[in-house]
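Just below is one structure, and these are the notes that go with it.
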Amino acid sequence: MAGELLGKMKDRGWVPSEGTFTTVIGAFVKQGNLAEALRLKDEMLSSGRQLNLVVATSLMKGYCKQGDIDQALNLYNKIKEDGLAPNQVTYAVLIEGCCRNQNVKKAYELYEEMKIMDIQPTVFNVNSLIRGFLEASSLNEASNLFDKAVESGIANVFTYNIFLNHFSKDGKVKEACSLWKRMVANGQVPSNVSYNNMILAYCRAGNMDMAHTVFSKMLEQGLKPNAITYSTLIDGHFREGDAERALDIFDEMIGVHIAPSDYTFNIMINGLSRVGRTSQTRDMLKVFVDGGFVATCMTYNSIINGYVKEGAMNSAMGVYKEMHENGISPNVVTYTTLVNGFCKSNNMDLALKMHHEMKSKGLQLDVTAFSALIEGFCKKQDMVRACELFSELQQVGLSPNEFVYNSLIRGFRNANNMEAAKDLHKKMIKEGVPCDIQVYTTLMDGFLRESKLHLASDLYSEMLSKGIVPDMVTYTVLLNGLCSKGHLESAYKVLEEMDRKGITPNVLIYNALIAGNFRYGNLEEALRLHNEMLDRGLVPDDATYDVLVNGKVKAKGEDLYGVSSKEEATWCGGFGLSGDAIV
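Numbering (the numbering used here), first residue to last: 17 to 599.
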């Protein structure tokens, strides 16, 4: 409208005044039409008008809205060079813009600069900075600024709410309650947003009773719950697995004539999918859509994810097709979820099909999806395809994580290719990828299977030197390997170490010890271990009795393979078992 009037003025030969240019440029910035605003600015200058502070500030705001903070700061520097003095509005625009564009450091510099210029910062400036610091995970800086704002009396209820929300999202109830008390003590009256944040804190902490207590206090104070209040409670109950209570809250919300938002609908869909009631979401979605809800990609992703978790891949693909029919394009999350689902159901052909379709649309799998594909092919012992995907992962600029390496190392172990597994371990160390207990346990298991005791011993020492504590799986692998190779003395030292650490051996460990003793003719010791197992409250499984029966037969007539005393000593020393402890 303003642009049309300006055009008519020029058609009649009238030269717009500085005020007219200023108004119209500001209007275009508000409309999000920065290009036209900049064109008018150039026209304004060419007509002999000077760039004023209001126009410059409007243009800075336009740049900030588009995320072009560098251009906004360039204009800011230019007007200062031209002798224009920024005012409170200019600083507010730039501080807010810098914070929203993840440049809180520059925002704080501007904040300090405005104070030097004797321009008093407003609570709006402070709130922008606190929010920016929190989003940048600079809690100390945010806390210091908050404390100064409280001491100076500038902080308002919005200031407190910013911090309340920060604590609430992480379920930090103690911190949120402490801040609430401070807010009330300083004369600030909690708002709807304040109560919503406290409800969120208790919901995220899993304390739904206290969440409802805060809800009741909110009503007592005469405040009206809104869609966010009810949505938070609904989400809280779904997170706790209480779908019936969540549905009751939704019905209550409708009963008090509070219109559910799209956020509410998505919570309902996601919540039901999360608790294994995905089929119910299909009918509910139809009802929601009839009521005006516009399903988004996120909505369909929740349903697809629910079906994938339930192993209902046909239903998941049905929703995927429905997305296409409704004109909604699947995103990275959609494809990643389907790829994971097909990998888990061992349907690698369809997993690859999703991968290829994704690439054809210019989308790229994330590390998690690549990990699922690699794991799937490793399970099928198709290490060629797994390695091809490993190479592709790196070619597209992604860095393999410990899960990817775990899958490949485990795959090569199962394929009896420990050289390749060892090379991957070296690559992990070179690339700085953390080697966790699973990696070490898998490698030790593989080398023990191949009777490469020295390599297994070196890995065990390396694991301990990194402060990684063996778990039950590691101990099981060690004892099984030691017993199967005849290192019973070393096996018992491992068992003693487990006892000192308060770790109770499991059935698998006893089975390995019993089998080892039977194999070497120690029938009495094998039976003693069986009785000890019963005394510890462990229930023998079929394998235990197979060992007992078969072991007795083998011990009577089978030649036992021997292990030299030199090899035994080397094994014990390498695993730190020459003394009384493993470590």
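We put the beta carbon where it would ideally sit given N, CA and C, even for glycine.
In this text the structure is predicted, and so the values were computed from the model without any measurement.
Task: Assumed close pair K185, R147 - CB separation to whole angstroms, cut-off 8 Å - done: About 13 Å separates the two Cβ atoms, so there is no contact after all.
Task: Helix, strand or coil at A275 [DSSP, three-state] - done: coil
TODO: Less than 8 Å between the CB atoms is what I'm expecting for L126 and C115, so what's the real figure, rounded?
DONE: Actually they do not touch by this definition, with Cβ atoms about 10 Å apart.
Task: Same chain only: Cβ atoms within 6 Å of C80, ignoring 5 sequence neighbours per side - done: A88, G113
- [ ] Identify, in the order they occur along the chain, each residue of the same chain with its Cβ nearer than 6 Å to the Cβ of F281, setting aside the five sequence neighbours on each side.
- [x] F304, F309
Open item on the list: Please give me, in chain order, every unbroken run of the alpha helix (DSSP H) with length at least 4 that falls completely inside the stretch 469 to 534.
Closed with: If we require 4 residues or more, the alpha helix (DSSP H) runs fully inside the stretch 469 to 534 come out as 469 to 481, 488 to 500, 504 to 516.
TODO: Count the other CB atoms, across all protein chains shown, that sit within 10 Å of the CB of S481; report buried if there are 16 or more and exposed otherwise.
DONE: By the beta-carbon neighbour count (other beta carbons within 10 angstroms, threshold 16), S481 is exposed.
Open item on the list: Quick check on the burial criterion: 16 or more other C-beta atoms within 10 angstroms. Buried or exposed for K121?
Closed with: Exposed, by the Cβ-count rule.
Open item on the list: On the CB-based measure, 16 or more other CB atoms within 10 Å of its CB, does V555 come out buried or exposed?
Closed with: exposed
- [ ] Just the C-alpha distance for V189 and N181, rounded to the nearest angstrom, thanks.
- [x] 11 Å
TODO: Rounded to whole angstroms, what's the CA-CA distance from F149 to A158? Just pull it up for me.
DONE: Going by the C-alpha atoms only, they are around 5 Å apart.
- [ ] Please classify M339: does DSSP put it in a helix, a strand, or coil?
- [x] helix
Task: Cutoff 8 Å; reference S207; Cβ partners in own chain excluding five residues on either side - done: Answer for S207: V173, N177, L239, listed in chain order.
- [ ] Quick one: residues in its chain with C-beta nearer than 6 Å to the C-beta of G497, no 5 flanking neighbours on either side, listed in chain order?
- [x] L464
TODO: Could you give the DSSP three-state label for A101: helix, strand or coil?
DONE: coil
Task: Residue burial classification, Y279 (beta-carbon count within 10 angstroms, cutoff 16) - done: exposed
- [ ] Pull up the CB-CB distance for T352 and I320, whole angstroms please, since I reckon it's below 8 Å.
- [x] Actually they do not touch by this definition, with Cβ atoms about 10 Å apart.
- [ ] Using 10 angstroms around the beta-carbon of G64, count the other beta-carbons present and answer buried if the total reaches 16, otherwise exposed.
- [x] exposed
TODO: Consult DSSP for A406 and reduce its assignment to one of helix, strand or coil.
DONE: According to the sequence shown, residue 406 is Phe rather than Ala. F406 falls in the helix class under three-state DSSP.
TODO: Check E256 in the structure and name its three-state DSSP category.
DONE: Reduced to three states, the DSSP call for E256 is coil.
- [ ] Assign D58 to one of three DSSP states: helix, strand, or coil.
- [x] helix
Open item on the list: DSSP three-state label for K188, please.
Closed with: coil
Task: Neighbourhood of V105 by C-beta distance below 8 Å, restricted to the same chain and skipping five residues each side - done: T73
- [ ] For the alpha helix (DSSP H) holding I319, just list the boundary residues, first then last.
- [x] 313 to 325
Open item on the list: Could you compute how far the alpha carbon of E584 sits from the alpha carbon of I484?
Closed with: In this prediction, E584 has a pLDDT of 38, which is less than 50 and means its spatial position is unreliable; what the coordinates show is noted afterwards. Distance between the alpha carbons of E584 and I484: 25 Å.
Open item on the list: Excluding the 5 residues flanking R429 on each side, which residues of the same chain have their C-beta closer than 7 Å to its C-beta?
Closed with: A437, T458, D461, G462
Task: Under the three-state DSSP convention, the category Q87 falls into - done: helix
Open item on the list: According to DSSP, simplified to helix, strand and coil, what is M224?
Closed with: Of the three classes helix, strand and coil, the one that applies to M224 here is helix, per DSSP.
TODO: Please work out which residues of its chain come closer than 7 Å, Cβ to Cβ, to I390, disregarding the five sequence neighbours upstream and downstream, and give them in chain order.
DONE: A402, L405, F406, V420, S423, L424
Task: L469 versus T138, H503, N362, F37, residue with shortest Cα-Cα distance - done: Comparing Cα-Cα distances from L469 to each of T138, H503, N362, F37, the minimum goes to H503.
- [ ] Leaving aside the five residues before and after G357 along the sequence, list all residues of the same chain whose C-beta is less than 7 Å from its C-beta, in chain order.
- [x] V324, M329, A332
TODO: Return helix, strand or coil for L576, following the three-state DSSP convention.
DONE: Since pLDDT at L576 reaches only 26, below the 50 mark, its modelled position is unreliable, and no value is offered.
- [ ] Can you tell me which of the three DSSP states Y536 falls into?
- [x] coil
Task: Contacting residues, own chain, Cβ-Cβ under 6 Å from V348 (five flanking each side not counted) - done: Counting only Cβ-Cβ distances below 6 Å, and skipping sequence neighbours, we find L379.
Open item on the list: So the candidates are D264, N362, L381; which of them puts its Cα closest to the Cα of C394?
Closed with: N362
Task: V109 to N286 span [Cα, whole Å] - done: 37 Å
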